[in-house]
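K.L.:
For reference, the structure I am asking about is given below.
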Amino acid sequence: MILFEGENGAGKSNLLEAMYLLAVARSPRASTERELVRRSNGEGEFYTQVAANVERQDDSVNLQINFRSVSAPPTAGASAATTPRVMSVQKYFRASTLIGHLNAVMFSADDLEIVYGSPSVRRRYLNILISQTDREYLGAIQRYERVLRQRNHLLRQIRDGSARINELAFWDDELVKEGICIVAQRLAAVRLLSEGANPMYARLSGGSETLAVSYQPNVALPDGADVSRDSIAELMGAKLKEQRRQELARGITVTGPHRDDLALTLDGMEAAAFASRGQTRTAVLALKLAEAEYLKRRRGQEPVILLDDVLSELDAARREQVLGHAAQYHQALITTADREAIAPQLRSGTARFSVCSSKVQLLH
């Protein structure tokens with residue numbers, strides 16, 4: 001294990017976030033890419049770069065992400081005091097070429113939103129996870145989002161009388177074609193996640209409750225382990241026809257995997273509504289550790305484990321369980337503001353670094 005120690009606000013989280021950014025091409029916290037570029041009150045261009053050398057079983061690869069932001073002054077005639085600057089951000093990488101070279105699992109307090117947040121948070125979680133192991137899925141997601149935008153635009157045109165309804169047939173077929181891959185891959189991934197998360201939660205909680213993770217597709221699927229892609233296509237096409245009148249009235253697509261969800265329950269009760277904060281934190285930790293096993297199984301090599309302030313709000317027994325499991329991986333990077341929260345037997349052989357004002361220094 002590698003331990004990063006420092007006060008709150010010292011920059012520990014930024015360090016782990018940078019590593020995760022190289023793995024998934026998206027920040028786990030920033031809502032826009034503008035937030036990733038160092039702020040300045042001056043005009044001109046500003047840069048952010050994240051780079052690393054990743055050594056794998058058979059080779060090594062250099063990964064690098066560059067952002068450039070341009071801060072423009074207010075337009076002519078506008079007040080510089082009251083008009084905000086326009087900040088545009090350009091990125092010099094493609095997610096499709098970056099994702100998959102470095103596999104990583106990150107836990108932070110923000111991940112409790114997997115339970116408490118909207119369905120879009122859970123879909124994003126699934127997309128990031130599966131994309132790390134399957135480029136077909138990543139491509140399907142990207143194409144599906146483009147098709148969805150085009151179809152929604154056409155629905156509004158039909159509603160407003162500027163397009164004909166028979167033009168929908170092409171976009172229906174495209175939506176189903178890309179949706180098949182997304183639904184099939186999510187179904188398989190969640191099944192594996194659930195198989196790993198349930199026993200992991202039992203270990204962390206002492207077996208007091210049962211955690212279940214289940215996929216809730218927008219298009220109802222038949223029960224059973226094997227659902228063919230032909231069945232998914234047939235069911236999705238039928239629901240598109242069923243919802244046609246509603247979609248035309250609203251001008252949006254209401255059928256498809258962009259409306260899917262992921263359910264987490266404890267003893268059959270919805271975690272978001274009935275679980276305590278401690279139970280929720282334990283459930284998300286179990287899910288994340290199951291995610292690590294999923295990546296290891298699918299990729300044939302261990303992911304990097306990134307645990308940001310994982311020790312807070314956990315009792316000593318659960319801390320020991322989490323850290324003991326993380327220590328089984330070749331690289332587990334952990335941040336903490338309280339070194340004493342880690343049991344002495346787990347600190348043995350741990351590389352320690354101090355983080356202060358975003359500067360990292362090896363401790364001896």
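In the UniProt record's numbering, the protein residues as written are 1 to 364.
Backbone N, C-alpha and C fix where the C-beta goes; we use that ideal spot for every residue, glycine too.
Since the structure is predicted, the reported quantities are computational estimates derived from the model, not experimental observations.
(1) So is residue 12 buried or exposed if we call it buried at 16+ other beta carbons inside 10 Å?
(2) Counting Cβ pairs, one atom from each stretch, are 3 or more of them under 8 Å apart for the segment 184-198 and the segment 280-292?
(3) Give me the residue from 246, 172, 233 and 266 with the minimum Cα distance to residue 202.
(4) Can you tell me the Cβ-Cβ gap for residue 54 and residue 65, rounded? I've got them flagged as a contact below 8 Å.
(5) Is residue 269 buried or exposed, if buried means 16 or more other CB atoms sit within 10 Å of its CB?
(6) Do you know whose CA, among 209, 107 and 188, lies nearest residue 216's CA?
(7) Which class does residue 308 belong to by DSSP, given the choice of helix, strand or coil?
(8) Counting only beta-carbon separations shorter than 9 Å, does residue 318 have a partner in chain B?
(9) Using the Cα positions of residue 337 and residue 9, report the straight-line distance between them to the nearest angstrom.
(10) Which runs of the alpha helix (DSSP H) fall wholly inside the segment 176-234 and span at least 4 residues, in chain order?
(11) When you compare the CB positions of residue 325 and residue 236, do they come within less than 9 Å of one another, or not?
(12) Does the count of Cβ pairs from the segment 305-314 and the segment 99-108 closer than 8 Å reach three?
(13) Measure the Cβ-Cβ separation of residue 129 and residue 25 and say whether it is below 9 Å.
(14) Can you give me the C-alpha to C-alpha distance between residue 101 and residue 20, rounded to a whole angstrom?
(15) Output yes or no for whether 9 Å exceeds the beta carbon distance between residue 256 and residue 168.
(16) Within the segment 245-314, note down every full beta strand (DSSP E) run reaching 3 residues or more, in order along the chain.
(17) Report the start-end ranges of each alpha helix (DSSP H) in the segment 83-159 that is 4 residues or longer and not cut off at the edges.
(18) Look at the Cβ atom of residue 114, then the Cβ atom of residue 284, and state whether they are nearer than 9 Å.
(19) Do residue 320 and residue 343 have their beta-carbon atoms positioned less than 9 Å apart in this structure?
(20) May I have the straight-line CA-CA distance separating residue 158 from residue 140, to the nearest angstrom?
(21) At the level of alpha carbons, what is the spacing between residue 18 and residue 48?
(22) Taking C-beta to C-beta, are residue 96 and residue 142 nearer than 9 Å?
(23) Going by beta carbon distance, what residues of the same chain come within less than 7 Å of residue 261, once the five residues before and after it are set aside?
(24) Just the C-alpha distance for residue 153 and residue 170, rounded to the nearest angstrom, thanks.
P.N.:
This is what the structure gives:
(1) The residue given as residue 12 occupies position 12 in the sequence shown. Label assigned to residue 12: buried.
(2) Yes, the segment 184-198 touches the segment 280-292.
(3) The residue you call residue 202 lines up with position 202 of the sequence shown. When only C-alpha atoms are compared, the closest one is 266.
(4) Residue numbering aside, residue 54 sits at position 54 when the sequence shown is read from its first letter. Residue numbering aside, residue 65 sits at position 65 when the sequence shown is read from its first letter. So it is not a contact: roughly 13 Å between Cβ atoms.
(5) For this step, residue 269 is matched to residue 269 along the sequence shown. By the 10 Å Cβ count, residue 269 comes out exposed.
(6) Taking the first residue of the sequence shown as position 1, residue 216 is located at position 216. If we check each option's Cα against that of residue 216, 188 comes out closest.
(7) Residue numbering aside, residue 308 sits at position 308 when the sequence shown is read from its first letter. Here DSSP, grouped into helix, strand and coil, assigns residue 308 to strand.
(8) The structure shown contains no chain B; it is built from a single protein chain.
(9) For the purposes of this step, residue 337 is identified with residue 337 of the sequence shown, where counting begins at 1. For the purposes of this step, residue 9 is identified with residue 9 of the sequence shown, where counting begins at 1. Separation of residue 337 and residue 9 (C-alpha to C-alpha, rounded to the nearest whole angstrom) is 10 Å.
(10) If we require 4 residues or more, the segment 176-234 turns out to have no alpha helix (DSSP H) run fully inside it.
(11) Within the sequence shown, numbered from 1, the residue matching residue 325 stands at position 325. Within the sequence shown, numbered from 1, the residue matching residue 236 stands at position 236. It is not a contact, given that the beta carbons lie outside the stated cut-off.
(12) yes
(13) Along the sequence shown, read from residue 1 onward, the residue named residue 129 stands at position 129. Along the sequence shown, read from residue 1 onward, the residue named residue 25 stands at position 25. Contact flag unset, no.
(14) Here residue 101 is taken as the residue at index 101 of the sequence shown, counted from 1. Here residue 20 is taken as the residue at index 20 of the sequence shown, counted from 1. Whole-angstrom Cα-Cα distance: 12 Å.
(15) Within the sequence shown, residue 256 is the residue found at index 256, counting from 1. Within the sequence shown, residue 168 is the residue found at index 168, counting from 1. Taking 9 Å as the Cβ cut-off, residue 256 and residue 168 do not qualify as a contacting pair.
(16) 261-266 and 304-308
(17) 95-98, 113-116, 119-131 and 135-159
(18) To locate residue 114, count along the sequence shown from 1; it is residue 114. To locate residue 284, count along the sequence shown from 1; it is residue 284. In contact: residue 114 and residue 284 (Cβ atoms closer than 9 Å).
(19) Sequence index remark: in the sequence shown, residue 343 carries index 343 (1-based). Sequence index remark: in the sequence shown, residue 320 carries index 320 (1-based). Contact flag set, yes.
(20) In the sequence shown, the residue the question calls residue 158 occupies position 158. In the sequence shown, the residue the question calls residue 140 occupies position 140. Distance between the alpha carbons of residue 158 and residue 140 is about 26 Å.
(21) The residue you call residue 18 lines up with position 18 of the sequence shown. The residue you call residue 48 lines up with position 48 of the sequence shown. Each residue's Cα considered, the two are about 11 Å apart.
(22) Residue 96 sits at position 96 when you count from the first residue of the sequence shown. Residue 142 sits at position 142 when you count from the first residue of the sequence shown. Result yes, Cβ atoms of residue 96 and residue 142 sit closer than 9 Å.
(23) As a working note, residue 261 is residue 261 in the sequence shown. 119, 122 and 216.
(24) Working through the sequence shown from its first residue, we reach residue 153 at position 153. Working through the sequence shown from its first residue, we reach residue 170 at position 170. Answer to the nearest angstrom: the Cα atoms are 14 Å apart.
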